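**Student:** In full-length UniProt numbering, the protein residues as written are 1 to 164.
1. Measuring CA to CA, which of 124, 103, 68 and 148 is closest to residue 118?
2. Buried or exposed: where does residue 155 fall if 16 or more other Cβ atoms within 10 Å of its Cβ makes it buried?
3. I need the straight-line Cα distance from residue 93 to residue 28, nearest angstrom please.
4. Who are the near neighbours of residue 25 in its chain, counting only those whose CB is closer than 7 Å to its CB and skipping five residues on each side?
5. Take the Cβ of residue 78 as the centre, count every other Cβ of all protein chains shown within 10 Å, and call the residue buried at 16 or more, exposed below.
6. If you drop the 5 nearest sequence neighbours on each side, which residues of the same chain put their C-beta closer than 7 Å to that of residue 33?
7. How would you call residue 95, buried or exposed, if buried means at least 16 neighbouring beta carbons within 10 angstroms?
8. With distances taken from CA atoms, which of 99, 97, 84 and 159 is nearest residue 123?
9. Rounding to the nearest angstrom, what Cα-Cα distance links residue 114 and residue 130 in this structure?
10. As a quick exercise: from 40, 150 and 19, pick the residue whose alpha carbon is nearest that of residue 108.
11. Is the region 79-86 close to the region 96-103, with three or more CB pairs under 8 Å?
12. Counting along the chain, where does the alpha helix (DSSP H) carrying residue 125 start and finish?
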């Protein structure tokens with residue numbers, strides 16, 4: 001038999017937790033990269049748009065110095081670009097990692113169920129005892145998840161020690 005005659009296996013190996021966390025960190029980096037670039041491009045495009053004078057009727061109605069108004073509007077364009085970055089970065093990430101999208105979505109649902117199950121009740125938090133990473137956003141590895149669990153238990157111990 002030749003290599004061409006062998007059946008091709010399109011089945012991917014199951015996504016383990018370490019790989020999931022690596023992909024999750026990579027996705028977050030794509031989101032951050034696109035936030036920065038979208039913010040810069042939107043700010044530049046906003047500055048070019050505002051320099052054409054098309055927004056002059058709006059600028060004249062705002063009771064600030066026109067240069068201050070133009071600066072604030074340019075900053076607003078940059079902010080909108082920054083906010084659109086994670087959505088664009090997410091789409092690009094899943095476009096490049098298409099084969100992992102389904103498994104990653106399933107793992108993410110399992111991960112957030114675990115987060116919901118093990119996170120602490122935030123009603124008893126205070127400035128001296130803040131809630132540790134309520135949504136689990138800083139978890140980037142299995143050992144990071146274990147540390148997160150320890151932090152949740154420590155918060156609960158501190159909470160119950162204050163009320164006893």
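Glycine residues also receive a C-beta, built at the ideal position from the N, C-alpha and C atoms. Being a predicted model, the structure only gives us computed values, none of them experimental.
**Tutor:** Concretely, from the data shown:
1. 148
2. buried
3. 9 Å
4. 140
5. buried
6. 89
7. exposed
8. 159
9. 20 Å
10. 19
11. no
12. No alpha helix (DSSP H) holds residue 125; DSSP gives it neither H nor E.
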